[in-house]
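Take a look at the structure set out below.
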């Protein structure tokens, strides 16, 4: 299995979360109801400086819900399958 991302020290301790744009946004946008739009959350992620750390953390912790690093749970599953 090849590595998806380079692990940065900040990604392990969660320090990236303090710099995340989503911390300054309505959290409900990142956890839409089933079938709800993910557009607004993904738009925030596009300009976030810690997007990669967020995605890496979600993949490492097998996050099952929400938008993390600009990807939905389904998109993260596809990414993990490609890496195998």
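In UniProt numbering, the protein residues as written are 1 to 84.
Heads up, the beta-carbon is just placed ideally off N, CA and C, and yes, glycines get one too.
A quick note: this is a predicted structure, and the numbers were derived from the prediction, not measured.
Alpha carbon to alpha carbon, how far is residue j from residue i? Give it in angstroms, no decimals.
i: residue 15; j: residue 35; result: 31 Å
i: residue 56; j: residue 33; result: 23 Å
i: residue 80; j: residue 38; result: 20 Å
i: residue 83; j: residue 30; result: 25 Å
i: residue 67; j: residue 59; result: 12 Å
Grab the span of the alpha helix (DSSP H) containing residue i for me, first residue to last.
i: residue 106; result: Limits of the chain in this structure are 1 at one end and 84 at the other, which puts residue 106 out of reach.
i: residue 58; result: 51–60
Who does residue i pair with in a DSSP beta bridge?
i: residue 68; result: 71
What three-state label does DSSP hand residue i in the structure shown?
i: residue 84; result: coil
i: residue 34; result: coil
i: residue 20; result: coil
Check whether the region 17–32 touches the region 43–50, taking contact to mean three or more Cβ pairs, one atom from each stretch, closer than 8 Å.
yes
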